[in-house]
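K.L.:
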Amino acid sequence: MASQETRYSPAELEPRRQKLWAEMGLDRTPEPSKERRENFYALSMFPYPSGNLHMGHVRNYVITDVIARSQRLKGKRVLHPMGWDAFGLPAENAAIERGVDPAGWTEQNIAQMREQLSRLGLSIDWDREVTTCRPNYYRWTQWLFLQFLDAGLAYRKEATVNWDPVDQTVLANEQVDADGRSWRSGAIVEKRKLRQWFLKITAVADELLDDLASLDGWPERVRTMQANWIGRSTGATLRFALEQDPSEVVEVFTTRPDTAFGVSYVVLAPEHELVDQLTSAAQQAEVADFRQELQSISEQDRLAEDRPKRGVATGGYVLHPFSGERVPVWIADYVLPDYGTGAVMGVPAHDNRDFAFARQYDLPITTVVVSLGSSEPSDAPNEAFTEVGELVNSAQFNGLQGEAAKEAVIEAAVAAGVGDAKVTYRLRDWLISRQRYWGCPIPVIHCDDCGAVPVPEDQLPVELPADAELDGSGGSPLERHPSWSRVPCPKCGKPARRETDTMDTFMCSSWYYLRYTDAANSELPFSVESTAAWMPVDQYVGGVEHAILHLLYSRFFTKVLKQRQLLNCNEPFRRLLTQGMVQGVTFRNPSTRRYVAPAAVTDPMKPLDPETGEPLEVFFEKMSKSKHNGVDPGTVVERYGADTARMFILFKAPPEKDLEWDDADVEGQYRFLQRIWRLADGAREAGMNLSASLTLPTELSKADQELRRAVHIAIEAISEDLDGEELQFNTAVSELMKLSNAMAGSLASATEAVAQEAVQTFLILLAPFAPHLTDELWEQLGGIGSVHQQQWPLLDAAALVRDTVTVVLQVKGKVRGNLEVPANIDKESLEQLALASDVAQKWLEGNPPRRVIVVPGKLVNLVP
RNA sequence: GCCCGUGUAAUCCAAUUGGCAGAGAUAGGCGACUUAAAAUCGCUCCAGUGCGGGUUCGAAUCCCGCCACGGGCACCA
779 MASQETRYSP AELEPRRQKL WAEMGLDRTP EPSKERRENF YALSMFPYPS GNLHMGHVRN
839 YVITDVIARS QRLKGKRVLH PMGWDAFGLP AENAAIERGV DPAGWTEQNI AQMREQLSRL
899 GLSIDWDREV TTCRPNYYRW TQWLFLQFLD AGLAYRKEAT VNWDPVDQTV LANEQVDADG
959 RSWRSGAIVE KRKLRQWFLK ITAVADELLD DLASLDGWPE RVRTMQANWI GRSTGATLRF
1019 ALEQDPSEVV EVFTTRPDTA FGVSYVVLAP EHELVDQLTS AAQQAEVADF RQELQSISEQ
1079 DRLAEDRPKR GVATGGYVLH PFSGERVPVW IADYVLPDYG TGAVMGVPAH DNRDFAFARQ
1139 YDLPITTVVV SLGSSEPSDA PNEAFTEVGE LVNSAQFNGL QGEAAKEAVI EAAVAAGVGD
1199 AKVTYRLRDW LISRQRYWGC PIPVIHCDDC GAVPVPEDQL PVELPADAEL DGSGGSPLER
1259 HPSWSRVPCP KCGKPARRET DTMDTFMCSS WYYLRYTDAA NSELPFSVES TAAWMPVDQY
1319 VGGVEHAILH LLYSRFFTKV LKQRQLLNCN EPFRRLLTQG MVQGVTFRNP STRRYVAPAA
1379 VTDPMKPLDP ETGEPLEVFF EKMSKSKHNG VDPGTVVERY GADTARMFIL FKAPPEKDLE
1439 WDDADVEGQY RFLQRIWRLA DGAREAGMNL SASLTLPTEL SKADQELRRA VHIAIEAISE
1499 DLDGEELQFN TAVSELMKLS NAMAGSLASA TEAVAQEAVQ TFLILLAPFA PHLTDELWEQ
1559 LGGIGSVHQQ QWPLLDAAAL VRDTVTVVLQ VKGKVRGNLE VPANIDKESL EQLALASDVA
1619 QKWLEGNPPR RVIVVPGKLV NLVP
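Quick note, our numbering runs 778 ahead of the 1-based positions in the first sequence.
1. Quick one: Cα of T1380 to Cα of M1401, how far?
2. My guess is that Y786 and Q1447 are in contact by the Cβ rule of under 8 Å, so how many angstroms apart are they, rounded?
3. Would you call the segment 1420 to 1439 in contact with the segment 1504 to 1521, where contact means no fewer than 3 C-beta pairs closer than 8 Å?
4. Could you tell me the boundaries of the alpha helix (DSSP H) in which S1512 lies?
5. Curious, which full-length beta strand (DSSP E) runs of at least 3 residues does the segment 1205 to 1251 contain?
6. D863 and T1283 - do their beta-carbons sit closer together than 8 Å?
7. Select from A1378, L1355, G1358 the residue whose C-alpha is nearest the C-alpha of F1365.
8. Does the beta-carbon distance from L931 to L977 come in below 8 Å?
9. Can at least three beta-carbon pairs, one atom from the segment 1267 to 1285 and one from the segment 1186 to 1198, be found at a separation below 8 Å?
10. What number of angstroms, rounded off, separates the C-alpha of V1231 from the C-alpha of L924?
11. Within 10 angstroms of its Cβ, does L1572 collect 16 or more other Cβ (buried), or is it exposed?
12. Which whole-angstrom value describes the C-beta separation of F1031 and T1015, a residue pair presumed to lie in contact below a C-beta threshold of 8 Å?
13. Going by DSSP, what residue range makes up the beta strand (DSSP E) through K720?
14. Using only alpha-carbon positions, find the residue among K852, L1248, K971 that is nearest to A872.
15. Which residues bound the alpha helix (DSSP H) around S1497?
16. So, at 8 Å on beta carbons, what are the nonlocal neighbours of I888 in its own chain, with the 5 sequence-adjacent residues on each side left out?
17. Rounded to whole angstroms, what's the CA-CA distance from L1544 to R1424? Just pull it up for me.
18. Would you identify the three-state DSSP class for F976, choosing helix, strand or coil?
19. DSSP on R1628, reduced to helix/strand/coil?
20. When the Cα atoms are used, what is the spatial distance from T1295 to R1456?
21. Nearest to T1202 by CA position, among Y1291, T1119, A1244, is which residue?
22. Count the other CB atoms, across all protein chains shown, that sit within 10 Å of the CB of N817; report buried if there are 16 or more and exposed otherwise.
23. With a cut-off of 8 Å, do at least 3 Cβ pairs link the segment 1409 to 1417 to the segment 828 to 840?
24. Measuring alpha carbon to alpha carbon, tell me which residue in P1255, D1581, G1250, F1351 is nearest D994.
25. Using CA atoms only, rank isn't needed, just tell me which of D1443, D1436, E1395 is closest to T1418.
26. Which residue wins for smallest C-alpha separation from Q894, given the options R855, N1160, V948, P793?
27. Just the C-alpha distance for G1321 and L1329, rounded to the nearest angstrom, thanks.
28. Assuming I1109 is part of the beta strand (DSSP E), what are its boundary residues?
29. Going by C-alpha to C-alpha distance, which of L1559, T1529, V1593, G853 sits closest to L1468?
30. Since I believe A1110 is in contact with K1087 (beta carbons under 8 Å), could you give me their beta-carbon distance rounded to a whole number of angstroms?
31. By Cβ distance, which residues of its chain are closer than 6 Å to P880, with the 5 residues on each side in sequence left out?
32. May I ask you to report which of helix, strand or coil DSSP gives R1371?
33. Residue range of the beta strand (DSSP E) that N914 falls in?
34. Can you tell me which of the three DSSP states M823 falls into?
35. Is the CB-CB distance between R1276 and I1210 below 8 Å?
36. Which ranges would you report for the beta strand (DSSP E) in the segment 1383 to 1434 if only whole runs of at least 3 residues count?
Here's what the structure looks like:
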């Protein structure tokens, strides 16, 4: 009879399996258990619905899906949801450019992306889908804003803020990069003085910083980035009274109160409010010129470190808080108005900046700290001594050292009423106002008599008007709307105006993971019970670009909601995996700097510019349209199937690392899955039936033992890769390949029960990675139910045991031979065997070794 | 300048955390099958782990000093 060979055809099989899963409700979240540890929350950072799924999304969601699927097989109740970060500028810009409706445009994109996502076979519970731009979601974003307002953590103030001239809105500090560019538009931001809404994230700065230590499931570098961003520094304020009016003081912040007696001058930021009062008549013109000049240069230039420090004397004097001596007051560009108190004490002997400044303007340098046990201070040091040490020239503080010196000075300052211990932060309050239409309206009404009045809860949501004019003419579209903002004051009923700013979209994404736990709740954003069951998220997966932004804001929300007793967890994300980028091969002509599309390159081994014939540079870069190096997930899925795409992405690189897209490797994965198909085909033809109940014989042949060993090695290794300290999908896939190689050579000749165990185990282990193929084969081989409803295989430690092991025989640390010995041999016998071996005879030349190192099961090292 | 990460075969990546540098894959070479090609199967070439020291019986792994690349922070008082 001819063989009934079948073909692996993902295009036919994958949609069919997906349909079955949907009918079975396989991805639905089970009722959570009361026992928290039975529940597992697997979460991907939700996407902005641009309408186009890209490879970065695929990598993100496939990683989370493997985790979700494997946890289900391990018997956990899994929550694995998906949603849309759907407010944002692209929708509004599309409206301006093409006259489309932002809501319709967004919904259409969501439908399109949901469709693209569904082709990947992700086990997502779509019943809990969350869309931040829909009133039934943003109603609760508004409700939460009112919680912040009620807690005194939301306030409006006039401040110098970052203005994005391209997107025509303000931005939070976190949304401006080190080069002063907007995270979205890339435009250099401008400074503007505006009245805006802020959330008081600084109120929990200490918790945000200190609790980083508890996040041992987070990458170290993300924790460091957050710590740097929060930037806590501990020190003191000292007050210097004005000479001409001792009731006024200049307050400085310093981390080195112990250097107080080394002050030669005080420097104010040019913007400091006391500058005018301090400036003498003689210095008026010079001070004015200097301030004028600073106005004309950009923030960037002013802050560039390599610039020489510049300043002018105000002609005014203050009095030293301890000695009462006159201290001249300067203004200088290196003192920033919005850090600390906007004023510093100049201690040139012990601060590099002050030292440079003092040198430049010939100001006195007084040494007041010397290194421990050192001699006399040098009169003309050539650099600042910035370490802590022993105080000299410091009156009653002489001889004190290090921290004790700092504390003594602070204590004395407090006692004399001239200073306080003080902690400052780099972190600023979160600016959440945006002058745009497509965002969540801030639920506040401004009344001339009552001030800023919160919209009563029963009037939420404050919905966006559907008929706002979006023509890009500048200014807030809500503000220009003829009627939307005109409402009566909820308190007094007089005509009042709605707040027309919308919220930063990061507000919407700071709590979406809580909504998933209780997505249909119409009474509250989420119940305490539902978050208690699921929170914190067990595994969060997303890009490292949110190391500060989203991840810091979400931690902030969590802490505030806990204080408000709306939530009972301290940190939202227990474990965090930051996946690397997906990069595409890029060809560039080094002389013209132009990117050449890979399709135009005839020989990828020796790439030449099709126009000029010049050789091209080849490298990998983040996929983008302008570089012509994007690979469309849809095309790949169409050609090879979702399982191949998933396998490739997981196998090609460790999850945190950047991944270089390579068509040849994709082919390789496709071939692997085809081999699996043929392997199963063979087993089926040989009559394998997974539902047949077979028992392992007590005596196994050598070959059977080897196959079982391979199976259980795979169970052990893959379990560790998926659930251990470090998630390693690439090695898990290679373990699967190893097992399949072992099976290919031995399955046909193995005892029936051993072969069945091997195939069954293999399919379950592979199921999280290639869910469609494995489910199909499971069915073809007569398995009961779906492969995804099975139990994760149990490790049989006995199967790993070998009768004999090969130990390495070293002489003086160099490998000189092997020894095949019983696995359970004791140390002494192993040593005897080693000494008696030919290798020992040959290399020791009859002399007894000085030392013998025996590592049981591994090696014997003879040291002559 | 400071902090973090990464350097292993032509390429992507492993290495039970101090124990034979190679598991897996891609590409290449050879062979089998084929009239031929593709597919498939089998075999196979290629590194002593970025560099220089050190600790150790033994180092990719630990320590010290460098280099390269990537990322973060940066006049923060």
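Glycine included, each C-beta is placed from N, C-alpha and C at the ideal position.
P.N.:
Reading it off the structure:
1. 20 Å
2. Contact between Y786 and Q1447 does not hold, since their C-beta atoms are separated by about 12 Å, which reaches or exceeds 8 Å.
3. yes
4. 1507 to 1524
5. 1222 to 1225, 1229 to 1232
6. yes
7. Closest by alpha carbon: A1378.
8. Taking the C-beta atoms as reference points, L977 is found nearer than 8 Å to L931.
9. no
10. 10 Å
11. exposed
12. 5 Å
13. The chain is shown from 779 up to 1642; residue 720 falls before or after that span and cannot be answered.
14. L1248
15. 1480 to 1501
16. Within the same chain, I888 has close Cβ partners P827, W862, A864, T909.
17. 12 Å
18. strand
19. coil
20. 42 Å
21. T1119
22. buried
23. yes
24. Closest option to D994, Cα to Cα, is F1351.
25. In the sequence as displayed, the identity of residue 1418 is Tyr instead of Thr. Comparing Cα positions, the closest option is D1443.
26. Of the candidates R855, N1160, V948, P793, P793 places its Cα closest to the Cα of Q894.
27. 11 Å
28. 1104 to 1110
29. L1559
30. With 8 Å as the limit, K1087 and A1110 qualify as a contact, their Cβ atoms being about 6 Å apart.
31. Close CB contacts of P880 within its chain, under the 6 Å cut and outside five residues either way in sequence, are with A869, E870, A873, W1216 (chain order).
32. coil
33. Segment 913 to 928 is the alpha helix (DSSP H) holding N914; no beta strand (DSSP E) there.
34. Shown here, M823 sits in coil according to DSSP, grouped into three states, outside any helix or strand.
35. no
36. Runs found: 1395 to 1400.
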